[in-house]
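Everything below concerns the one structure shown next.
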Amino acid sequence: MTSHPARDDRPVLQDLITDVAGLRVGHATDEGAGTGVTVVLCDGLWAAAADVRGGGPGLREIEVMAPENLVPGVHAITLSGGSVFGLAAADGALVELSAAGVGLPMRAEGPVVPIVPGAVLYDLSNPGDKNWGTEPPYRRLGREAARAALAAGHHGTFALGSVGAGRGAMAGVIPGGIGSASCALEGGLVVGALVAVNPVGAVLTEGDEDFLNAPFAGSADPFPGGSRLAELGRLQPGANTTLAIVACNARLDKAEAKRLAMMAQDGLARAIRPVHTPFDGDVVFALASGEIDLDGVEVDGPRIRPWLLARLGAAAADCLARATVRGVRAAADPVR
């Protein structure tokens with residue numbers, strides 16, 4: 126893994142979402158079925174939100190994060206392959222987390238209740254064996270990914286590329302996968318991103334240059350590889366989807382977390398061409414640990430809360446763009 130040099134009081138980072146203290150990541154991969162699940166586990170109940178922009182999303186427990194609703198945060202987020210079958214991954218994850226004591230204590234006796242939103246991507250058209258009858262693997266994979274997250278160390282590394290929710294992913298006509306990135310801001314603030322890259326759009330040009338840095342000519346094809354995508358059966362609603370999580374160590378409320386997720390969506394727009402299409406179910410989750418009070422952070426520029434939130438959102442978009450490119454490059458060449 127690459128790392129950043131420290132600047133001012135900024136820590137040296139591993140360029141992973143786990144640079145945000147209190148996050149752990151666990152993968153579970155089913156090589157036979159060509160699919161998998163990724164769980165991002167919070168150290169406690171974190172403020173959270175989701176911003177949905179794709180035309181065919183598959184989601185679970187999204188409304189619990191709305192600012193007008195009671196529960197103040199979430200314990201984990203599941204990302205899964207399998208389209209609607211993958212929604213069962215959150216069932217498996219929450220059972221495993223509850224057994225480990227992670228959740229809200231609703232009564233003196235009985236299980237604690239984990240709050241575990243989730244989202245799914247479509248990978249049912251890849252060559253893996255999907256003849257699972259009445260027992261899709263996703264509940265099992267959700268339990269395995271949650272166990273892996275529980276066992277992971279804080280600030281721990283984790284695999285990128287064709288693992289977990291990214292195992293069966295495609296980015297246009299080439300393999301997609303799990304990517305991650307992070308950055309440090311002043312005042313001890315850290316922002317990170319994790320993404321399962323599975324868009325109908327492309328992340329790399331034909332010359333293997335990423336769109337993040339490629340200039341566009343006015344005559345450029347706005348939808349690369351359209352005919353090949355049609356042959357692969359990818360041009361149908363919900364047959365793709367990029368799932369992302371951005372996180373920071375600031376103290377945000379749920380409305381501010383929503384703004385963080387909304388700004389982070391720009392990172393997908395920089396890295397994927399096109400994005401948020403009718404064929405995708407793109408969603409970005411945002412998590413905030415509450416470690417650092419924004420009202421006490423010293424920054425260059427206006428010392429007002431919206432300015433700091435804007436800086437966090439801009440950093441989240443940058444991290445998500447880089448994470449997207451890293452995910453595709455790691456899937457294409459695991460050595461990178």
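Residue 348 in the numbering used here sits at position 223 of the sequence shown, and the numbers go up by one each step. We put the beta carbon where it would ideally sit given N, CA and C, even for glycine.
In the DSSP assignment, find the beta strand (DSSP E) that holds residue i and state where it starts and stops.
| i | result |
| --- | --- |
| GLY151 | 148-155 |
| ALA375 | 368-375 |
When the Cα atoms are used, what is the spatial distance from residue i to residue j?
| i | j | result |
| --- | --- | --- |
| ARG447 | THR163 | 19 Å |
| THR449 | GLU234 | 44 Å |
| PRO277 | HIS152 | The question names Pro, but residue 277 in the sequence shown is Ala. Those two C-alpha atoms are separated by around 10 Å. |
| VAL145 | LEU314 | 9 Å |
| PRO347 | PRO403 | 15 Å |
| ASP378 | LEU393 | 24 Å |
| PRO340 | GLY157 | Note that PRO340 scores a pLDDT of 49, beneath 50, so its modelled location is shaky and nothing firm can be said. |
| PRO230 | PRO236 | 7 Å |
| LEU195 | ASP333 | 47 Å |
| ILE397 | ARG232 | 46 Å |
| ILE303 | SER205 | 11 Å |
| GLU221 | ALA364 | 29 Å |
| LEU138 | GLY258 | 44 Å |
| ALA215 | ASP168 | 17 Å |
| GLY281 | ARG430 | 31 Å |
| ALA175 | ALA318 | 14 Å |
| GLY186 | LEU357 | In the sequence on display, residue 186 carries Glu and not Gly. Whole-angstrom Cα-Cα distance: 31 Å. |
| PHE210 | PRO261 | 7 Å |
| GLU311 | GLU423 | 7 Å |
| THR203 | LEU368 | 10 Å |
| PRO182 | GLU188 | 14 Å |
| ALA271 | ARG395 | 31 Å |
Quick check on residue i - is its C-beta less than 8 Å from some C-beta in chain D?
| i | result |
| --- | --- |
| VAL450 | Although the question refers to chain D, the structure presented lacks it and comprises just one protein chain. |
As a quick exercise: from the options, pick the residue whose alpha carbon is nearest that of residue i.
| i | options | result |
| --- | --- | --- |
| GLU416 | LEU219, ASN374, THR203, ASP176 | ASN374 |
| PRO239 | PRO252, ARG398, HIS279, GLY198 | GLY198 |
| GLY286 | PRO252, LYS383, ALA321 | ALA321 |
| LEU434 | ALA382, GLY452, GLU423 | ALA382 |
| PHE283 | ALA380, ILE142, CYS444, ARG454 | ILE142 |
| VAL150 | GLU186, ALA273, ALA364 | ALA273 |
| VAL241 | THR259, VAL209, ALA173 | ALA173 |
| MET463 | PHE410, TRP432, ARG264 | Absent from the model: residue 463. The displayed extent of the chain is 126 to 461, so no value can be given. |
| PRO362 | HIS401, LEU329, ALA290, ALA309 | HIS401 |
| GLY326 | GLY350, VAL316, ARG265, ALA290 | GLY350 |
| LEU329 | THR366, LEU368, PRO399 | PRO399 |
| PRO192 | CYS444, ALA380, VAL227, LEU170 | ALA380 |
| ARG353 | ALA440, GLY207, ASP140, ILE299 | ILE299 |
| ASP248 | ALA290, ARG264, SER414 | ALA290 |
| LEU360 | TYR263, ARG376, ASN323, ASP391 | ASN323 |
| ALA456 | ARG376, ARG384, GLY293 | GLY293 |
| ARG451 | LEU166, MET190, SER307 | SER307 |
Over the uninterrupted alpha helix (DSSP H) stretch that includes residue i, give me the two end residues.
| i | result |
| --- | --- |
| GLY415 | Element bounds for GLY415: not the alpha helix (DSSP H) but the beta strand (DSSP E), 408-417. |
| VAL450 | 430-457 |
| GLY392 | 379-396 |
| ALA355 | 351-356 |
On the DSSP bridge assignment, give the partners of residue i in chain order.
| i | result |
| --- | --- |
| VAL298 | In DSSP, VAL298 forms no bridge with anything. |
| ASP160 | For the record, residue 160 in the displayed sequence is Thr; it is not Asp. THR160 pairs with ASP155. |
| VAL177 | VAL408 |
| GLY317 | SER307, ALA372 |
| VAL165 | VAL150, ILE202 |
| ALA327 | ARG398 |
| ARG359 | Answer by DSSP bridge pairing: none, since ARG359 is not bridged. |
| ASP335 | LEU329 |
| LEU184 | ALA244 |
**Message:** In chain order, what are the residue ranges of uninterrupted alpha helix (DSSP H) at least 4 long that sit wholly in the region 252-302?
**Reply:** 263-276
**Asked** Going along the chain, which unbroken runs of the beta strand (DSSP E) with 3 or more residues stay wholly within the region 200-254?
**Response** 243-245
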